[in-house]
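This report concerns only the one structure given below.
In the UniProt record's numbering, the protein residues as written are 1 to 421.
As structure tokens, then:
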């Protein structure tokens, strides 16, 4: 087990190999410190593209990359495959599923998990999309559902339920998933299933508030709804989910209760910090994110820093968004502050620079917003592609992914529509 011995270099432990964790490790790779990355998976996952795995655009290996491969030339970076289960801050120890890991400085970057807001029935019966396995299970389910529908001859009600797909959540993930499912159904699957009328497929996007993409200006939000509607998606705003038993989704709108029979509810309505974060004993917010100082240090624990989806960092009176750029920028300041701490220097204040927001609605269509700049359609989609390709790991992956996006745009090609058990 990784453990710093007396007389050796300071030991920095990074919990989580997401965007913030990997960024911090890369920045520490040329520093006079020893670093251990702790993660239960041996790969870094490009989470923004999980929806493309679930809808058969990309394969699993195209949005994941071996953690050790990042640091083949960095002798001071090590990887410990284990799940963090607790902390002993008095003795500077992280407890894991494979033993204790000691540290001098700790970066908590464990990311987020799905937030069901206490609805156990929804948690048990819906399909989340925060992990590679969840995305693969959803793809398997979607294909199996249509296979089953194609075998039904005498039960039209069951066939209708199988062909009703509901996405809950009007943020970027929900928008992207709904648009991608519509294209999957009306391009690739329409050609596959000769005995199914794909016009009977009912795709609904349900959002509890009065708007989708709340970070976008009104005209881009309206454009998003218009594009989804043209794709055959029934967008329902101010509609709250109350229950889902695996057969009927119960929703409330204008004080009216409606039950929708469906076998597919995709939950993209919220996230919260990984549960292990709360076991530190520090103050956390309602989403389980640990409260951090302006230096990204956890309140009351000067040797412990938290970034990304694990941290509640307030700027301009509100917490930072749970997006990759915020994690990247926090990682940069955190690494600087750890090096300052080692040298006995004063800590720096983290200031997040908003790089704007973007979301894709489908092949060739996206929305983008930064300050006074607004864009939609093909131009925004090309910009979205460029941003995401630059953040993918490995040149081979970049080429493969761009090729698949282009083939999907021009020909609707989705070769990843296979069931993997």
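The beta-carbon is built from N, C-alpha and C at its ideal position, and this holds for glycine as well.
Coil, strand or helix - residue 291 by DSSP:
strand
Along the chain, where does the beta strand (DSSP E) that runs through residue 217 open and close?
Counting along the chain, residue 217 falls outside any beta strand (DSSP E), and DSSP gives it neither H nor E.
Span of the beta strand (DSSP E), counted from its first residue to its last, around residue 153:
Per DSSP, residue 153 is not a residue of any beta strand (DSSP E), being assigned neither H nor E.
Distance between residue 337 and residue 11 (C-alpha atoms, nearest Å)
14 Å
Should residue 403 be labelled buried (16 or more other beta-carbon atoms within 10 Å of its own) or exposed?
exposed
Let me check understanding here. Comparing Cα to Cα, which of 247, 418, 13 and 370 lies closest to residue 215?
It is 370.
Please determine, among 209, 312, 328 and 408, the residue with the shortest C-alpha to C-alpha distance to residue 287.
312
Beta strand (DSSP E) segment containing residue 65, residue limits:
64-66
Cβ contact (3+ pairs, closer than 8 Å) linking the segment 233-249 and the segment 74-91:
Counting C-beta pairs with one atom in each stretch, the segment 233-249 and the segment 74-91 have fewer than three that are closer than 8 Å, which means they do not touch.
By Cβ distance, which residues of its chain are closer than 6 Å to residue 233, with the 5 residues on each side in sequence left out?
178, 182, 203 and 205
From the DSSP output, in three-state form, read off residue 303 for me.
In the structure shown, residue 303 sits in a strand (DSSP, three-state: E or B).
Suppose contacts are defined by Cβ-Cβ distances below 8 Å. Is residue 13 in contact with residue 122 by that definition?
no
Do you know how far the Cα of residue 62 is from the Cα of residue 399?
The straight-line gap from Cα to Cα measures roughly 10 Å.
For residue 108, which residues does DSSP report across the bridge?
Residue pairing by DSSP places residue 108 opposite 15 and 306 in a beta bridge.
What does residue 354 pair with, by DSSP beta-bridge criteria?
Per DSSP, none; premise fails for residue 354.
What number of angstroms, rounded off, separates the C-alpha of residue 275 from the C-alpha of residue 168?
23 Å
Quick one: residues in its chain with C-beta nearer than 8 Å to the C-beta of residue 138, no 5 flanking neighbours on either side, listed in chain order?
54, 127, 129 and 266
Can you give me the C-alpha to C-alpha distance between residue 250 and residue 257, rounded to a whole angstrom?
7 Å
Since residue 348 contacts residue 105 with CB under 8 Å, what's their CB separation in whole angstroms?
Not a contact, Cβ separation roughly 15 Å.
Of the residues 420, 15, 406 and 18, which one's Cα is nearest the Cα of residue 382?
Closest by alpha carbon: 406.
Pick helix, strand or coil for residue 119, following the three-state DSSP scheme.
It is coil, neither helix nor strand.
Could you tell me the distance, in whole angstroms, from the CA atom of residue 314 to the CA atom of residue 320?
6 Å
Using a Cβ-Cβ cutoff of less than 8 Å, which residues in the same chain neighbour residue 281 once the five nearest sequence positions on both sides are dropped?
87 and 89
What is the rounded straight-line gap between the Cα of residue 4 and the Cα of residue 268?
Reliability of the predicted coordinates at residue 4 is poor, the pLDDT of 49 falling under 50, and no value is obtained from them.
Per DSSP, which residues does residue 205 bridge with? Please list them.
Residue pairing for residue 205: DSSP places it in a beta bridge opposite 167 and 235.
Inter-residue Cα distance where the pair is residue 49 and residue 64:
10 Å
Is it buried or exposed, residue 163, if we count other Cβ atoms within 10 angstroms and call 16 or more buried?
buried
Where in the segment 347-405 do unbroken runs of the beta strand (DSSP E), each at least 3 residues long, occur, reported from the N-terminal end onward?
357-362, 365-370 and 373-377
Could you check the C-alpha separation between residue 9 and residue 212 for me, to the nearest Å?
49 Å
Which one or two residues does DSSP pair with residue 44 in a beta bridge?
Answer is 65.
Answer yes or no: do residue 40 and residue 69 have a C-beta to C-beta separation smaller than 8 Å?
no
Quick check: residue 375 and residue 385, are their CB atoms within less than 8 Å of each other?
no
Could you give the C-beta distance for residue 38 and residue 80, rounded to a whole number, given that I count them as a contact under 8 Å?
5 Å
Where does residue 345 sit, in a helix, a strand or coil, going by DSSP?
coil
Judging by CA-CA distance, which residue of 420, 419, 421 and 413 is the nearest neighbour of residue 180?
413
Does the segment 15-24 come within contact of the segment 109-120, defined as at least 3 CB pairs closer than 8 Å?
Segment contact: the segment 15-24 against the segment 109-120, three or more CB-CB distances shorter than 8 Å; contact assigned.
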